[in-house]
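Single-structure report; data block below.
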Amino acid sequence: MLKDLITPENANVFVGKLGDILEKAIDKPLGYAINWGRIWSLWPVHIETACCSVEFGAASSPRYDVERFGIIEAFGSLRQCDLVVVQGTITRKMAPRLRLVYDQMPEPKYVIAMGACAITGGLYFDSYNVLPGIDGVIPVDVYVPGCPPRPETLIQGCILLQEKIKRMKARKFV
Amino acid sequence: MTTEIMPGLALQKVDERIMTLNVGPQHPGSGHMRIVVQIDGDYIVACDPDPGYVHRGEEKMAEYRNYITNIPHLERPVIHDSCNVLYPYVLGAEELLGIEVPERAKYIRVIASELNRCIYIMYWLAIYGIFLGHSTMFMWPAGDREFLIDLMEKMSGARVTHAHFVPGGVRNDLPPNFEDVCLRQVNYFEKRIKEYAAVFYDNPILISRTQDTGVLSKQDAIRLGTTGSVLRASGVDYDLRVKEPYDVYDELDIHTNVMKEGDAYARSRIPWLDMMESCNIIRQALQKMPKSGSVRTKLKPNPKTKIPATVYKRVESGRGSLGCYIVSDGKTEPYRLKLSVPSFRNLIALPYLLKGEKLGNMPSVYWSLNYWPVEADR
Amino acid sequence: MSTETQPPDVTPKEKPTPAKKPEEKPVDLPAFEKGLSDKITEKFGDKIEVAFVKEDRVRINVGRENVHEVAEFIRDELNFDHVESVSGVDFPKDKEIEVVYHIGSYTDSSLSRQILVLATRAQREDNPIPGKDATILPTLRNIFYSVEFHEREIFEMFGVFFEGHPDNRRLLLPEDWADLPPLRKDFDSRGR
Chain Z
2 MLKDLITPEN ANVFVGKLGD ILEKAIDKPL GYAINWGRIW SLWPVHIETA
52 CCSVEFGAAS SPRYDVERFG IIEAFGSLRQ CDLVVVQGTI TRKMAPRLRL
102 VYDQMPEPKY VIAMGACAIT GGLYFDSYNV LPGIDGVIPV DVYVPGCPPR
152 PETLIQGCIL LQEKIKRMKA RKFV
Chain V
9 MTTEIMPGLA LQKVDERIMT LNVGPQHPGS GHMRIVVQID GDYIVACDPD
59 PGYVHRGEEK MAEYRNYITN IPHLERPVIH DSCNVLYPYV LGAEELLGIE
109 VPERAKYIRV IASELNRCIY IMYWLAIYGI FLGHSTMFMW PAGDREFLID
159 LMEKMSGARV THAHFVPGGV RNDLPPNFED VCLRQVNYFE KRIKEYAAVF
209 YDNPILISRT QDTGVLSKQD AIRLGTTGSV LRASGVDYDL RVKEPYDVYD
259 ELDIHTNVMK EGDAYARSRI PWLDMMESCN IIRQALQKMP KSGSVRTKLK
309 PNPKTKIPAT VYKRVESGRG SLGCYIVSDG KTEPYRLKLS VPSFRNLIAL
359 PYLLKGEKLG NMPSVYWSLN YWPVEADR
Chain W
-2 MSTETQPPDV TPKEKPTPAK KPEEKPVDLP AFEKGLSDKI TEKFGDKIEV
48 AFVKEDRVRI NVGRENVHEV AEFIRDELNF DHVESVSGVD FPKDKEIEVV
98 YHIGSYTDSS LSRQILVLAT RAQREDNPIP GKDATILPTL RNIFYSVEFH
148 EREIFEMFGV FFEGHPDNRR LLLPEDWADL PPLRKDFDSR GR
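Chains as they are written, first to last, in the numbering used here: chain Z, 2 to 175; chain V, 9 to 386; chain W, -2 to 189.
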């Protein structure tokens, strides 16, 4: 009986409908699983741009342990990392290098702009060597304000990024 | 033959033996700067430091702000040692504006300066641990410095970048029970840092990596104009708190730590000994401090220096002697402000020391120069 | 609760300032520093000008032709051995750029507090081409090795070319900087 239903004309419709059913059954749980894996192992690239790096280092310290969220500053190359934390002021000399680093990272990648200087230029907005914010160079996901932001604020920013990733489509990158 | 792809990024024809490597800003062992090394096999032949990635134009910005609004951006070269970066500026501004500082404010400034010195040295030791691959040495100092950061937070309200020093004294008085809490924390802190000997300084791996590498002789240290712990590790007994005391350092009893070897091990050990000395200084200052009194000499809103004058003041910070040269022409803004930072002065030792070293020794020599890249760029 | 001092611009004459010192010169000038400045004056006479003699600071203004000799004398006879900092100051009204060396001593224990301030002036051009115009000063690198990076920084920030320096290159500014040298007074950094 199935053979009478599937004729050469409506085979592709049948396959399409089967695909729809499979998508609805598997895609959401699969996407949820993939995003869950991405959230709990965000590895930042080892690039320190300016003075906020001190508070980033303090966030990795035993008191404000950010490693419990999976954010370990991996010592390896940036090809294994998926998070760029832009810490502080971006100067005209550093901006091309930051763009290079961002381009060399594999997808999926996320950017946190940390500190007032990375968001709008901050205290140094009228200096000759400072870019007014990083979002003209690389696309930013989460902005963490502060000068420098307390480590708790940075951790809250990371949690916001986790919430954002949970809502992202995982299948695009798979 | 060199072709430029973009400014600063060039393709170069590779020589037969010598290879040019870029230990760039994105590197676990480089900090915020780039070092271009030319290596022959495993040995470094030449080295060219490339600072300037955090050059924010502090000196130019200082010419557009008056003496009080200059404080926030001038303390950001080293955000966790901010009191010591502001100290020579504040001393110079006081001399130009001709104001006297109350006694209690001087003691508070000394205590804040010593706390900041310890906070800076702990972070420097933590990063030294990362560079050498010793992650316990990152965790222990980074965790223990939080005790002192708590003290600074009680005193000034901020964890780092306190903006607590103003020309005329300190912004606010100490909170009510500060002396007891400070004494307790400092005693515990001193007990903790003595334990670092077991995990770091007596560690045979550290000793084999840093002993006899990057040796800086006494004549060279003087000739190159190095300062701070680099100088004291090469046998020169020079500490500005003893030689040219400012504020109340002439009433305190300070012992200078000097080591003769001049290698990277000595340079990594001297700041640790300095921290224990700082604990002594804090205890003495807490004892001798006047129990009450004003802490600030108020200024008029836009203070002007009346006479064209120049002043050069220097202070011993966590890295060495920091100087501030102010040229004023009688207006509310300084005409020229120059910060002479110890990291920039110690940078000249880097190409000098790295010649002939193995590439693997580069992080241990480079960071042992007590170098903070953000400060060197100002 | 803070004490109110007299505001500075009400009674400027009563402040202890260098301007008042010439009246009290015979009594108040610090002796050791005066000895230093006397030694330099007696060797060089009127080629130099002693700007001030304060506690721990002696300032000497020299023309650019003689700065090399004076620096050699300071190193050999007076035992100063390193340069702490080199700063440039731009005076567009006088059409000059002043370069100030702060020289200190580690070896001589009587000089451990002293800083000798040596200042020279270079001619200033309105349209600078750094390296190829008349803003030139002799380098002090072969006398004091520690000025190497400091002079490079002054070259890029002010456009002062140091003749004899082996390596007059960019240090802190980006490689593609094509604007005026930033620390000059006609470079207004706001809104650029």
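Yeah, the Cβ is synthetic: ideal placement off N, Cα and C, and Gly gets one too.
These figures come from a predicted structure and were not determined experimentally.
Spatial neighbours of Phe155/V in its own chain (CB-CB distance under 6 Å, excluding positions within 5 residues in sequence) are listed in chain order as Gln193 and Phe197. Here the alpha carbons of Asp183/W and Lys114/V stand approximately 39 Å from one another. The secondary-structure analysis by DSSP pairs Pro45/Z across a beta bridge with Leu84/Z. Within the stretch 130 to 189 of chain V, complete beta strand (DSSP E) segments of at least 3 residues are not found at all.
CA-to-CA, the gap between Ser336/V and Leu104/V works out to about 8 Å. Shown here, Tyr144/Z sits in a strand according to DSSP, grouped into three states. One Cα belongs to Ile289/V, the other to Val250/V, and the distance between them is close to 12 Å. Scanning chain W for C-beta atoms nearer than 9 Å to the C-beta of Ser348/V yields Glu81, Ser82, Val83, Ser84, His99 and His147, reported in chain order.
Per the C-alpha coordinates, the member of Val87/Z, Asp21/Z and Ile156/Z positioned closest to His40/V is Val87/Z. Ranked by Cα distance from Gly137/Z, the first of Asn130/Z, Gln163/Z, Thr121/Z and Asp104/Z is Thr121/Z. Going by beta carbons, Pro96/V and Leu330/V fall inside the 8 Å limit. If only uninterrupted alpha helix (DSSP H) runs of at least 4 residues are considered, none is enclosed by the stretch 67 to 112 of chain W.
Taking a cut-off of 8 Å for Cβ pairs, the stretch 251 to 261 of chain V and the stretch 166 to 184 of chain V do not touch, as fewer than three such pairs fall below it. The beta carbons of Ala119/W and Glu160/W sit about 11 Å from each other, so the pair does not count as a contact at 8 Å. Residue range Arg54 to Val59 is occupied by the beta strand (DSSP E) that includes Val55/W, with no alpha helix (DSSP H) assigned at that position. Sorting Ala12/Z, Gln157/Z, Val131/Z and Met169/Z by C-alpha distance to the C-alpha of Thr50/Z places Val131/Z at the top. Comparing alpha-carbon positions, the option among Arg61/W, Arg110/W, Gly42/W and Asp130/W lying closest to Val55/W turns out to be Arg110/W. DSSP links Leu115/W through a beta bridge to Ile57/W and Tyr98/W. For Met267/V, there is no enclosing alpha helix (DSSP H), as DSSP marks it with neither H nor E. For Tyr111/Z, the uninterrupted beta strand (DSSP E) run begins and ends at Tyr111 to Met115, by DSSP.
Residue burial is scored here from C-beta neighbours: Lys296/V has fewer than 16 other C-beta atoms within 10 angstroms and is therefore classed as exposed. Fully contained in the stretch 206 to 270 of chain V are the following alpha helix (DSSP H) runs of length 4 or more, in chain order: 212 to 218, 226 to 231, 237 to 240 and 248 to 251. As computed with DSSP, Tyr333/V is found in a beta bridge with Tyr320/V and Lys346/V. Remark: C-beta atoms of Leu140/V and Pro371/V approach each other more closely than 8 Å.
Secondary-structure assignment with DSSP links Pro57/V through a beta bridge to Ile43/V. With distances taken between CA atoms, Lys170/Z lies nearest to Ala34/Z out of Ala34/Z, Val14/Z and Asp5/Z. Counting along the chain, Ile22/Z sits inside the alpha helix (DSSP H) bounded by residues Ala12 to Leu23. Taking each of Leu79/Z, Asp127/Z and Gly116/Z in turn and checking the Cα distance to Arg100/Z, the smallest one comes out for Leu79/Z. Residues of the stretch 145 to 169 of chain W with a C-beta atom less than 9 Å from some C-beta of chain V are Glu145, Phe146, His147, Glu150, Met154, Arg167, Leu168 and Leu169, listed in chain order.
Straight across, the Cα-Cα distance linking Pro109/Z with Leu43/Z is about 10 Å.
According to DSSP, Glu150/W shares a beta bridge with no other residue. Taken through DSSP and simplified to helix, strand or coil, Tyr51/V comes out as strand. Within its own chain, the residues whose Cβ lies closer than 6 Å to the Cβ of Arg240/V, once the five positions on either side in sequence are excluded, are Val266 and Ile278, listed in chain order. Contact residues of the stretch 40 to 64 of chain V toward chain Z are His40, Gly60, Tyr61, Val62, His63 and Arg64 (C-beta to C-beta distance below 8 Å). For Arg231/V, the nearest CB of chain W lies under 8 Å from its own CB, placing it at the interface with that chain. In chain Z, no part has a C-beta under 8 Å from the C-beta of Lys363/V; the shortest such distance is about 26 Å.
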